[in-house]
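Chains A and B are the protein sequences, given in the same order.
The numbering used here numbers the first residue of the first sequence as 1 and each following residue consecutively.
The numbering used here numbers the first residue of the second sequence as 1 and each following residue consecutively.
Okay, structure first, notes after.
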Amino acid sequence: MAVPTGKWIASGLLLLMLLAFPFAFPLPHPRHVMIMIFLYAMLAQAWNILAGYCGQISLGHAIFFGLGAYTSTVLVRQAAISPWIGMVAGAAVAVIVSQVIGFPVFRLRGHYFAIATIALGEIIQTLFINWDWAGGARGLFVPIKRPDSVLHLQFHTSKQSYYFIALGLLALAFLLTWRLERSRAGYYFRAIREDQEVAASLGINVARYKQLAMGISAGLTALGGTFYAQYILFIDPESVFPLSLSILICLVAVLGGVGTLWGPLLGAAVLVPLSEGTRILLGGGGKALDLLIYGGLIVVISVAQPGGLIALLGRWSRRTSVP
Amino acid sequence: MTAEILLQSMLSGILMGFVYALIAAGLSLIFGLMEIVNFAHGEFLMVAMFSTFWAWALWAMDPVISLPVTTAALFLLGVLTYKGIVRWILQGPMLAQIFATFGLAVFVRSGAQFFFGVDFRLIRDPWIQGRISLGGLFIGLPQLAASVAALAAFGFLYWFITRTETGLALQATAQDRQAASLMGIDTEWMFALGWGIGAACVGVAGALLAIFFYVFPDVGATFALLAYVTVALGGFGNVPATLLAGVIVGLVEVLGGILINPALKYALVFLLYLVVVLLRPQGLFGKF
Numbered sequence: 001m002a003v004p005t006g007k008w009i010a011s012g013l014l015l016l017m018l019l020a021f022p023f024a025f026p027l028p029h030p031r032h033v034m035i036m037i038f039l040y041a042m043l044a045q046a047w048n049i050l051a052g053y054c055g056q057i058s059l060g061h062a063i064f065f066g067l068g069a070y071t072s073t074v075l076v077r078q079a080a081i082s083p084w085i086g087m088v089a090g091a092a093v094a095v096i097v098s099q100v101i102g103f104p105v106f107r108l109r110g111h112y113f114a115i116a117t118i119a120l121g122e123i124i125q126t127l128f129i130n131w132d133w134a135g136g137a138r139g140l141f142v143p144i145k146r147p148d149s150v151l152h153l154q155f156h157t158s159k160q161s162y163y164f165i166a167l168g169l170l171a172l173a174f175l176l177t178w179r180l181e182r183s184r185a186g187y188y189f190r191a192i193r194e195d196q197e198v199a200a201s202l203g204i205n206v207a208r209y210k211q212l213a214m215g216i217s218a219g220l221t222a223l224g225g226t227f228y229a230q231y232i233l234f235i236d237p238e239s240v241f242p243l244s245l246s247i248l249i250c251l252v253a254v255l256g257g258v259g260t261l262w263g264p265l266l267g268a269a270v271l272v273p274l275s276e277g278t279r280i281l282l283g284g285g286g287k288a289l290d291l292l293i294y295g296g297l298i299v300v301i302s303v304a305q306p307g308g309l310i311a312l313l314g315r316w317s318r319r320t321s322v323p
Numbered sequence: 001m002t003a004e005i006l007l008q009s010m011l012s013g014i015l016m017g018f019v020y021a022l023i024a025a026g027l028s029l030i031f032g033l034m035e036i037v038n039f040a041h042g043e044f045l046m047v048a049m050f051s052t053f054w055a056w057a058l059w060a061m062d063p064v065i066s067l068p069v070t071t072a073a074l075f076l077l078g079v080l081t082y083k084g085i086v087r088w089i090l091q092g093p094m095l096a097q098i099f100a101t102f103g104l105a106v107f108v109r110s111g112a113q114f115f116f117g118v119d120f121r122l123i124r125d126p127w128i129q130g131r132i133s134l135g136g137l138f139i140g141l142p143q144l145a146a147s148v149a150a151l152a153a154f155g156f157l158y159w160f161i162t163r164t165e166t167g168l169a170l171q172a173t174a175q176d177r178q179a180a181s182l183m184g185i186d187t188e189w190m191f192a193l194g195w196g197i198g199a200a201c202v203g204v205a206g207a208l209l210a211i212f213f214y215v216f217p218d219v220g221a222t223f224a225l226l227a228y229v230t231v232a233l234g235g236f237g238n239v240p241a242t243l244l245a246g247v248i249v250g251l252v253e254v255l256g257g258i259l260i261n262p263a264l265k266y267a268l269v270f271l272l273y274l275v276v277v278l279l280r281p282q283g284l285f286g287k288f
C-alpha cells in the first residue's frame, strides 16, 4: 500500500479545488460542464471496471444507464417513491439484469462478446420504444416538485446541489475502483483480462469473477442513469438507451486510459469541454464536429498509444523527471 | 393474412438477403484474414451510397454508370484504411483493435454529417425503376436489379477466392500467415488486398442500395448491425456461408415484421444472432 505522498497531496488538492469550484463559478453553465464531466467520468469508470480491468469490452452499457433512469422515474411517477430509493432500486434492477445477461454472453469472447452486447442494447432499446406502460417512444417526464428538495432530488434554482451530488457519485466510483485495484478480486480481474485460460488454470473461477465485474459495473452505471433522469427531468429510449451513448462511455475511457484509475476522469475532462466548446462555436445544429474530433482522436490513440492520454502523460513525466 | 402477402414478403426478404450477404461477405473476408472486425463497415457502405448520390447529383451520372467508379474508390479506401490504421494495430491489444475501427466509424459518420448535414437524400428518376408482376407477385425492379447484381458480385468473389492464384494466396494467408510468407506470398499485400476487396463489396452494395434507399449519414448503422449478425450466422471467415446467412436474415426480418410486429423486426434478428452464437459460437456453418 505504498502510495507516494506526492500523489496523495495532488489528489487532495484536486478534491479541494473541485469542492471550491461552485463557489468560484456561480453561473449555471460552468457548473453544468463540470456536472457533465463528473457524470461521464463516473460512467466511464463503471465501464472501466468491466472492460479495463476485467477485459470484457461491453458496447451495451446504455442498457444499465437506461434501467437506472427508468426504474427511478417509474417509481416516482407510479408510487411517488423518492428518487434516492429509486436510485438504489435502479442499481438493483441493473445488477439483476446484468447477471441474467452475463450468464450467456460471457461464454463469448472478444469481438463476439462486443457484438453480442450491441445486439442486446438494440433489443432492449426496441423493447422500451414499444412498451407503452413505460412511456413508449414518447418517453417520461419526471413530475416537477417545488420547492427544491434533497428528498425529491430536484433543484430548480441553482445547480449547486446537482454539482455536489454528481461529485459524490464520481467519488463513489473512484473509491470503489481504487479499493478494487488493490483487492483480491481486482487482481483476479486483471488475470482474466491478460489470459483467461491461465487464470482458470490457477484456480480462478473465471465465470464468477466476470459476473462480479459486470454486476459492479452495471450497478454504478445505473446510479448515473437515475442522476441523469433527475437532472434533465425527461427520459425517452432515444436519450437513455442509444448505442451512441454506449459508445460515448467507451470513448471517454479509451481516450483517457483504459484500466487505470485516473483515465476516465482525464478522458471526460478532455471530451466534455471539447463537446461543449464546439457546440458554442457552431451553435449545435447537428454538425457533429465534436464527434468528428472524438473519432479522429480515438483512431490516433488506438494506433499510437493504446494506453490513452494517461500513458502519454506518464511517458512525458518520466522523460522530464529523469535528471 | 393471406398466402399472397406471405409469399410477397418472403420474396422481398430473399431479394434483400442477397444484398445483406454481399455486405457481410466483405466483413467476413477481412475477419477470416486477420481476425479483425471492421466496425466501420457500415460507414464504408454509407460512403459508397453518398458517392453514388453525388455522382448523380453533381454530374448526372446514373448509379449504373457510377457503380464501377464507386467500387474502385471503395477498394482504395479499404487499402488505405489497412495501410494507415489497421496495419499498426495487428499486434496491439484487443481494445485497440476494436476501437481503432470504431473510432474510424465515428469519424467517417460525423464527417458526413458535418459536410452533408443530416438530410435524407434520394436519387430521383434512376434508369432502373418501376416494377414487374410475376403471377400476382410484384417485384420492384431496383430491388431485383440490386439482388441480381449482388448475387453476381458474390459469385465473382467466390470465383476469385477459390479459382485464381491470388485468391488461393489470400486463403493461404488466412490459414497460416507464417507458412504463407515462407511460400513466397507477400502477406502484407494480401492483407491490404483483403481490405480492398472487403470494402469493394460494400462499394457494389452501396451503389445498388442508393438506387432505391434513402442516403443519409446514419444509414450504415442498421446495415452494419445486420451484417454482423449475418457474418456470425454464417461463421466468421466463412465467405460462401454468408450467402445463406444473408437470406436467413432477410427472411427473419420480413417474416418477423409481418407475423409478429413490424416494430420488433430488428430486435428479432438480433435475438436470432444471440441464440445462434450461444448455441453454436462458431456460427451455423463454422468449421472449428
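Where is the CB? At the ideal position from N, CA and C, for every residue including glycine.
None of the values given here were measured: they were computed from a predicted structure.
Next on the checklist: For a cutoff of 7 angstroms on Cβ pairs, would you count B/Ser-110 as touching chain A?
Outcome noted: As a working mapping, residue 110 of chain B is identified with position 110 in the second sequence. Closer than 7 angstroms: yes.
Item to check | Ordered list of beta strand (DSSP E) runs contained in the segment 241-275 of chain A, each at least 3 residues | outcome: none
Next on the checklist: In this structure, how does DSSP classify B/Arg-131 when only helix, strand and coil are distinguished?
Outcome noted: Within the second sequence, the letter at position 131 stands for residue 131 of chain B. B/Arg-131: strand per DSSP, three-state reduction.
Checklist entry - With distances taken between CB atoms, is the gap from A/Ala-325 to A/Gly-219 smaller than 7 angstroms? => result Past the edges of chain A, shown from 1 to 323, lies residue 325 of chain A, and the structure says nothing about it.
Checklist entry - Would A/Leu-265 pass as a contact of A/Ile-298 if the rule is Cβ separation under 7 angstroms? => result Locating residue 265 of chain A in the first sequence gives position 265, where the first residue counts as 1. Locating residue 298 of chain A in the first sequence gives position 298, where the first residue counts as 1. Not closer than 7 angstroms, so no.
Next on the checklist: Can you check whether the C-beta of B/Ile-185 is within less than 7 angstroms of a C-beta belonging to chain A?
Outcome noted: The residue you call residue 185 of chain B lines up with position 185 of the second sequence. For B/Ile-185, the answer is no, since every Cβ of chain A falls outside 7 angstroms of its Cβ.
Checklist entry - If we count the other Cβ atoms within 10 Å of its Cβ and call it buried at 16 or more, is B/Trp-159 buried or exposed? => result Start at 1 with the first residue of the second sequence, and residue 159 of chain B comes out as number 159. Answer is exposed; the Cβ neighbour count stays below 16.
Checklist entry - Span of the beta strand (DSSP E) holding B/Leu-137? => result Counting from one through the second sequence, the residue named residue 137 of chain B turns up at place 137. Element bounds for B/Leu-137: 137-140.
Item to check | A/Leu-153 in three-state terms, based on DSSP | outcome: Locating residue 153 of chain A in the first sequence gives position 153, counting from the first residue. Coil.
Next on the checklist: Distance cutoff 7 angstroms, beta carbons only. Does A/Ile-123 sit that close to anything in chain B?
Outcome noted: Sequence index remark: in the first sequence, residue 123 of chain A carries index 123 (1-based). Chain B contact via Cβ: present.
Checklist entry - Which residues in the same chain as B/Gly-250 place their Cβ atom closer than 7 angstroms to its Cβ, once the five residues preceding and following it in sequence are excluded? => result Working through the second sequence from its first residue, we reach residue 250 of chain B at position 250. Within the same chain, B/Gly-250 has close Cβ partners Gly-13, Ile-14, Met-16, Gly-17, Tyr-20.
Checklist entry - In whole angstroms, what is the alpha-carbon distance linking B/Thr-70 and B/Thr-173? => result By one-based count along the second sequence, residue 70 of chain B stands at place 70. By one-based count along the second sequence, residue 173 of chain B stands at place 173. Going from the Cα of B/Thr-70 to the Cα of B/Thr-173 covers about 27 angstroms.
Next on the checklist: Would B/Leu-350 and B/Ala-149 be called neighbours here (beta carbons separated by less than 7 angstroms)?
Outcome noted: With chain B represented from 1 up to 288, any question about residue 350 of chain B goes unanswered, as that position is not in the structure.
Checklist entry - Using Cβ-Cβ distances below 9 angstroms, what residues of the segment 272-283 of chain B are close to chain A? => result Tyr-273, Leu-274, Val-277, Leu-278, Pro-281
Next on the checklist: Using 7 angstroms as the threshold, is the C-beta distance between B/Gly-237 and B/Ser-28 below it?
Outcome noted: Looking up residue 237 of chain B in the second sequence gives position 237. Looking up residue 28 of chain B in the second sequence gives position 28. Going by C-beta atoms, B/Gly-237 is nearer than 7 angstroms to B/Ser-28.
Next on the checklist: Within a Cβ cutoff of 8 angstroms, which residues of the same chain sit near B/Glu-253, ignoring the five residues on either side of it in sequence?
Outcome noted: For the purposes of this step, residue 253 of chain B is taken as residue 253 along the second sequence, with counting starting at 1. Around B/Glu-253: Gly-13, Met-16, Leu-226, Lys-265, Tyr-266, Leu-268, Val-269.
Checklist entry - Which chain B residues sit within Cβ distance under 9 angstroms of A/Leu-309? => result Numbered from its first residue, the first sequence carries residue 309 of chain A at position 309. Residues of chain B passing the Cβ test: none, with the nearest at roughly 14 angstroms.
Checklist entry - Who are the Cβ neighbours of A/Ile-81 in its own chain at under 6 angstroms, not counting the five residues just before and after it? => result Looking up residue 81 of chain A in the first sequence gives position 81. Answer for A/Ile-81: Leu-75, listed in chain order.
Item to check | Short Cβ contact (7 angstroms threshold) for A/Ile-118 with A/Leu-43 | outcome: By 1-based counting over the first sequence, the position of residue 118 of chain A is 118. By 1-based counting over the first sequence, the position of residue 43 of chain A is 43. Not closer than 7 angstroms, so no.
Next on the checklist: Runs of 3 residues minimum, wholly inside the segment 133-200 of chain A: which ones carry the beta strand (DSSP E) assignment?
Outcome noted: none
Next on the checklist: Looking at chain A, is there any beta carbon in it that lies within less than 7 angstroms of the beta carbon of B/Val-86?
Outcome noted: The count along the second sequence starts at 1 and reaches residue 86 of chain B at position 86. For B/Val-86, the answer is no, since every Cβ of chain A falls outside 7 angstroms of its Cβ.
Checklist entry - Hey, quick one: how far does the alpha helix (DSSP H) through A/Tyr-228 stretch, first residue to last? => result The residue you call residue 228 of chain A lines up with position 228 of the first sequence. Unbroken alpha helix (DSSP H) run through A/Tyr-228: 206-232.
Checklist entry - Helix, strand or coil: how does DSSP classify A/Arg-107 here? => result Here residue 107 of chain A refers to the residue found at position 107 when the first sequence is read from its first residue. Three-state result, A/Arg-107: coil.
Next on the checklist: If you reduce the DSSP assignment to three classes, tell me which class B/Val-215 lands in.
Outcome noted: In the second sequence, the residue the question calls residue 215 of chain B occupies position 215. Three-state DSSP puts B/Val-215 in a strand.
Item to check | Beta-bridge pairing of B/Arg-163 - partner residues as DSSP gives them | outcome: Looking up residue 163 of chain B in the second sequence gives position 163. Paired residues: none, contrary to the question.
Next on the checklist: Would A/Thr-126 pass as an interface residue toward chain B - the criterion being a Cβ-Cβ separation below 7 angstroms?
Outcome noted: For the purposes of this step, residue 126 of chain A is taken as residue 126 along the first sequence, with counting starting at 1. A/Thr-126 counts as touching chain B.
Next on the checklist: My output table needs one value for B/Ile-36: the three-state DSSP class, helix, strand or coil.
Outcome noted: Here residue 36 of chain B refers to the residue found at position 36 of the second sequence. DSSP places B/Ile-36 in coil when its eight states are reduced to three.
Next on the checklist: Measuring straight from C-alpha to C-alpha, what distance separates A/His-111 and B/Gly-283?
Outcome noted: Within the first sequence, residue 111 of chain A is the residue found at index 111, counting from 1. Within the second sequence, residue 283 of chain B is the residue found at index 283, counting from 1. Rounded to whole angstroms, A/His-111 to B/Gly-283 spans 13 angstroms at the Cα level.
Checklist entry - Under 7 angstroms, do A/Ala-229 and A/Ser-72 count as touching if we go by C-beta distance? => result Working through the first sequence from its first residue, we reach residue 229 of chain A at position 229. Working through the first sequence from its first residue, we reach residue 72 of chain A at position 72. It is a contact, given that the beta carbons lie within the stated cut-off.
Checklist entry - Beta carbon of A/Thr-226, beta carbon of A/Met-87: below 7 angstroms? => result Counted from its first residue, the first sequence places residue 226 of chain A at position 226. Counted from its first residue, the first sequence places residue 87 of chain A at position 87. It is a contact, given that the beta carbons lie within the stated cut-off.
Next on the checklist: For a contact defined as C-beta to C-beta under 7 angstroms, what are the partners of A/Val-258 on chain B?
Outcome noted: The residue given as residue 258 of chain A occupies position 258 in the first sequence. Here the neighbours are Leu-95.
Next on the checklist: Which same chain residues end up closer than 8 angstroms to A/Val-322 when comparing Cβ atoms and leaving out the 5 residues on each side of it in sequence?
Outcome noted: Along the first sequence, read from residue 1 onward, the residue named residue 322 of chain A stands at position 322. Since pLDDT at A/Val-322 reaches only 46, below the 50 mark, its modelled position is unreliable, and no value is offered.
Checklist entry - For the segment 198-229 of chain B, which residues have a CB atom closer than 9 angstroms to at least one CB atom of chain A, in sequence order? => result Pro-217, Ala-221, Leu-225, Tyr-228, Val-229
Checklist entry - Residues of chain B with CB under 8 angstroms from A/Arg-107, in chain order? => result Counting from 1 along the first sequence, the entry for residue 107 of chain A is found at position 107. Leu-278, Pro-281, listed in chain order.
Next on the checklist: Short of 8 angstroms in beta carbon distance, which residues of its chain neighbour B/Phe-120, apart from the five on each side in sequence? Order them along the chain.
Outcome noted: The residue given as residue 120 of chain B occupies position 120 in the second sequence. Tyr-214, Val-215, Phe-216, listed in sequence order.
Next on the checklist: So if DSSP puts B/Arg-121 in a beta bridge, which residue, or which two residues, is it bridged to?
Outcome noted: The residue given as residue 121 of chain B occupies position 121 in the second sequence. The partner list for B/Arg-121 (beta bridge, DSSP) reads B/Val-215.
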